[in-house]
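Engineer: In this note's numbering, the protein residues as written are 582 to 909.
C-beta: ideal position from N, C-alpha, C; glycine also.
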Ligand SMILES: [Zn+2]
């Protein structure tokens with residue numbers, strides 16, 4: 582049994598639970614956190630709108646965060662283009678925009694804490710070494726076999742810092758998709774929180790940021806559903822509260838595959854005259870989220886449409902299934 586178990590809240594059945602949520606009566610703090618690796622597209626619009634409506638319809642606040650840690654993949658100017666696009670579409674965020682690239686010290690501190698408590702350890706394995714030992718590959722990659730858990734093998738240089746996971750199931754109730762449970766040992770094993778030659782991992786950065794900014798409601802695309810247990814696990818070992826999660830249906834292309842940022846045909850700024858078509862795009866996105874804006878809103882300004890959305894948003898109507906998105 583790994584040391585992580587001693588530090589983590591468990592219920593009698595031995596599963597990790599988001600128990601902090603039940604006691605949390607604070608106002609909703611939501612966020613939209615795009616990666617500036619490509620322009621906002623229809624999928625980003627749905628994520629922005631869904632997170633905005635869920636925060637604002639309960640009188641909460643909506644923060645904006647740029648997940649710009651992966652420097653080689655960043656595209657110059659995209660972050661400011663994203664902000665401009667959101668503004669044309671009527672979105673107003675609360676507080677300053679946060680940039681992950683400016684918060685490395687906070688991630689380093691969290692990693693240092695996990696290491697000093699014996700919850701994270703250096704790993705010297707290459708990907709091919711892991712592939713040779715690992716059991717069947719999982720959807721998110723290979724299950725790490727724990728080679729370096731007790732010590733870095735002699736002659737190996739540190740390639741990554743991994744966090745020790747436990748055998749317990751991580752369980753949570755998604756506000757849209759419902760009950761979700763995952764055993765990290767079987768789905769990914771001890772996972773990377775920092776690469777020696779790269780940035781801090783998304784999972785670590787996102788939990789440090791959500792805790793630092795008081796985020797208690799995470800609304801994002803369903804492609805991140807299976808990574809949520811890793812984040813809940815990190816929250817539990819770092820002593821952070823676990824936010825409520827809501828995973829939105831994904832926007833797919835006609836072939837059923839998730840829309841990619843590489844697909845420039847769906848770039849909002851390049852594909853649409855936003856000053857003229859912004860309202861229509863928002864109405865389409867509302868319908869995609871299962872809402873029924875009245876015909877009187879056709880031709881209305883984005884701000885007015887968002888106002889209707891906030892006043893009328895019905896979470897129970899948001900579909901669970903991903904679907905193609907065809908703006909009118
Ligand atoms: Zn290793």
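#1: Please go through the region 614 to 662 and give each complete alpha helix (DSSP H) segment of 4 or more residues, from N-terminal end onward.
#2: May I ask you to list the residues that DSSP assigns as paired with residue 827?
#3: Taking three-plus beta-carbon pairs below 8 angstroms as touching, is the region 803 to 812 in contact with the region 771 to 784?
#4: Between the beta-carbon of residue 757 and the beta-carbon of residue 827, is there less than 7 angstroms?
#5: In chain order, what residues place their C-beta within less than 6 angstroms of a heavy atom belonging to ligand 1?
#6: Roughly how many angstroms lie between the CA atoms of residue 908 and residue 725, to the nearest whole one?
#7: Using the C-alpha atoms, what's the distance from residue 641 back to residue 796?
#8: Relative to the C-alpha of residue 685, which residue among 863, 870, 779 is closest?
#9: If you draw a straight line from the C-alpha of residue 772 to the C-alpha of residue 889, how long is it?
#10: From what residue to what residue does the beta strand (DSSP E) around residue 762 run?
#11: On the criterion of 16 or more Cβ atoms from any shown chain inside 10 Å, does residue 749 qualify as buried, or is it exposed?
#12: Mind checking who residue 910 pairs with in its DSSP beta bridge?
#13: Give the straight-line distance between the Cα atoms of residue 621 and residue 829, rounded to the nearest whole angstrom.
#14: Can you tell me whether DSSP reads residue 725 as helix, strand or coil?
#15: Does the count of Cβ pairs from the region 652 to 662 and the region 869 to 879 closer than 8 angstroms reach three?
#16: Hey, out of 861, 814, 666, 880, whose CA is closest to residue 695's CA?
#17: In or out: residue 816 buried (at least 16 other Cβ within 10 Å) or exposed?
#18: Using the C-alpha atoms, what's the distance from residue 878 back to residue 895?
#19: Pull up the DSSP beta-bridge partners for residue 752, would you.
#20: Since residue 672 sits in a beta bridge, which residues does DSSP pair it with?
#21: Report yes if the C-beta distance between residue 800 and residue 611 is below 7 angstroms; otherwise report no.
#22: Suppose you measure from the CA of residue 592 to the CA of residue 752; what does that come to, to the nearest Å?
#23: Tell me the DSSP bridge mates of residue 704?
#24: Give me, in chain order, the residues of the same chain whose beta-carbon lies closer than 6 angstroms to that of residue 706; leave out the 5 immediate sequence neighbours on both sides.
#25: If you follow the beta strand (DSSP E) that residue 776 is part of, which residue opens it and which one closes it?
#26: Whose CA, out of 616, 669, 619, 788, lies closest to the CA of residue 863?
#27: What is the DSSP secondary structure of residue 905, counted as helix, strand or coil?
#28: Confirm, please, whether the CB-CB distance from residue 738 to residue 723 is below 7 angstroms.
#29: For residue 853, which residues of its own chain have a beta-carbon under 7 angstroms away from its beta-carbon, when the five flanking residues on both sides are left out?
#30: So residue 879 is in the alpha helix (DSSP H); what residue range does that whole segment cover?
#31: Taking residue 891 as the reference, give the member of 675, 634, 649 with the closest Cα.
Structural biologist: Short version:
#1: As far as the region 614 to 662 is concerned, its whole alpha helix (DSSP H) runs of at least 4 residues are 623 to 637.
#2: The count along the chain shown starts at 1 and reaches residue 827 at position 246. For residue 827, which the question treats as bridged, DSSP gives the partners 800.
#3: Three or more beta-carbon pairs drawn from the region 803 to 812 and the region 771 to 784 are found closer than 8 angstroms, and the two stretches are therefore classed as touching.
#4: By one-based count along the chain shown, residue 757 stands at place 176. By one-based count along the chain shown, residue 827 stands at place 246. Yes, they are a contact pair.
#5: These are the residues, in chain order, with a beta carbon less than 6 angstroms from any non-hydrogen atom of ligand 1: 704, 705, 706, 728, 729.
#6: In the chain shown, the residue the question calls residue 908 occupies position 327. In the chain shown, the residue the question calls residue 725 occupies position 144. A direct Cα-Cα distance of roughly 42 angstroms separates residue 908 from residue 725.
#7: Position 215 of the chain shown, counting from 1, holds the residue named residue 796. Position 60 of the chain shown, counting from 1, holds the residue named residue 641. Between residue 796 and residue 641, the C-alpha separation is close to 10 angstroms.
#8: The residue labelled residue 685 in the question sits at position 104 within the chain shown. Out of 863, 870, 779, the CA that lies nearest to the CA of residue 685 is found in 779.
#9: If you number the chain shown from 1, residue 772 lands on position 191. If you number the chain shown from 1, residue 889 lands on position 308. The alpha-carbon atoms of residue 772 and residue 889 are separated by roughly 43 angstroms.
#10: Position 181 of the chain shown, counting from 1, holds the residue named residue 762. Segment 759 to 764, the beta strand (DSSP E) holding residue 762.
#11: Residue mapping note: residue 749 aligns to position 168 of the chain shown, counting from 1. By the neighbour-count criterion, in which 16 or more other beta carbons inside 10 Å mark a residue as buried, residue 749 falls on the buried side.
#12: Outside the displayed span of the chain (582 to 909) sits residue 910, for which this structure offers no information.
#13: Sequence index remark: in the chain shown, residue 621 carries index 40 (1-based). Sequence index remark: in the chain shown, residue 829 carries index 248 (1-based). Between the alpha carbons of residue 621 and residue 829 lies a distance of about 16 angstroms.
#14: By one-based count along the chain shown, residue 725 stands at place 144. Coil.
#15: As far as the Cβ criterion goes, the region 652 to 662 does not touch the region 869 to 879, which means the pair count is below three.
#16: Residue numbering aside, residue 695 sits at position 114 when the chain shown is read from its first letter. Checked all of 861, 814, 666, 880; the closest Cα to residue 695 is 814.
#17: Working through the chain shown from its first residue, we reach residue 816 at position 235. For residue 816, the number of other beta carbons within 10 angstroms of its own is at least 16, and it is reported as buried.
#18: Here residue 895 is taken as the residue at index 314 of the chain shown, counted from 1. Here residue 878 is taken as the residue at index 297 of the chain shown, counted from 1. If I take the Cα positions, the gap works out to 17 angstroms.
#19: Mapped onto the chain shown, residue 752 falls at position 171. Beta-bridge analysis with DSSP links residue 752 to 762.
#20: Along the chain shown, one-based indexing puts residue 672 at 91. Paired residue(s): none; residue 672 is not in a bridge.
#21: Position 219 of the chain shown, counting from 1, holds the residue named residue 800. Position 30 of the chain shown, counting from 1, holds the residue named residue 611. Closer than 7 angstroms, so yes.
#22: By 1-based counting over the chain shown, the position of residue 592 is 11. By 1-based counting over the chain shown, the position of residue 752 is 171. Note that residue 592 has pLDDT 41, beneath the 50 cutoff, so the model's placement of it is unreliable and the number below is only indicative. Residue 752 has its alpha-carbon roughly 11 angstroms from the corresponding atom of residue 592.
#23: Within the chain shown, residue 704 is the residue found at index 123, counting from 1. Partner(s): 741.
#24: Taking the first residue of the chain shown as 1, we reach residue 706 at position 125. Excluding positions up to five away in sequence, the list reads 728.
#25: Taking the chain shown and counting its residues from 1, one reaches residue 776 at position 195. Segment 772 to 776, the beta strand (DSSP E) holding residue 776.
#26: For the purposes of this step, residue 863 is identified with residue 282 of the chain shown, where counting begins at 1. Ranking 616, 669, 619, 788 by Cα distance to residue 863 puts 669 first.
#27: Taking the chain shown and counting its residues from 1, the one referred to as residue 905 is at position 324. DSSP places residue 905 within a strand segment (E or B) once states are collapsed to three.
#28: Against the chain shown, residue 723 aligns to sequence position 142. Against the chain shown, residue 738 aligns to sequence position 157. With respect to the 7 angstroms criterion, residue 723 and residue 738 are not classified as neighbours on the basis of their beta carbons.
#29: Taking the first residue of the chain shown as position 1, residue 853 is located at position 272. So the list reads 862, once near-sequence residues are dropped.
#30: As a working mapping, residue 879 is identified with position 298 in the chain shown. It is not in any alpha helix (DSSP H) - residue 879 carries neither H nor E in the DSSP assignment.
#31: In the chain shown, counting from the first residue as 1, residue 891 sits at position 310. The residue with the shortest Cα to Cα distance from residue 891 is 634.
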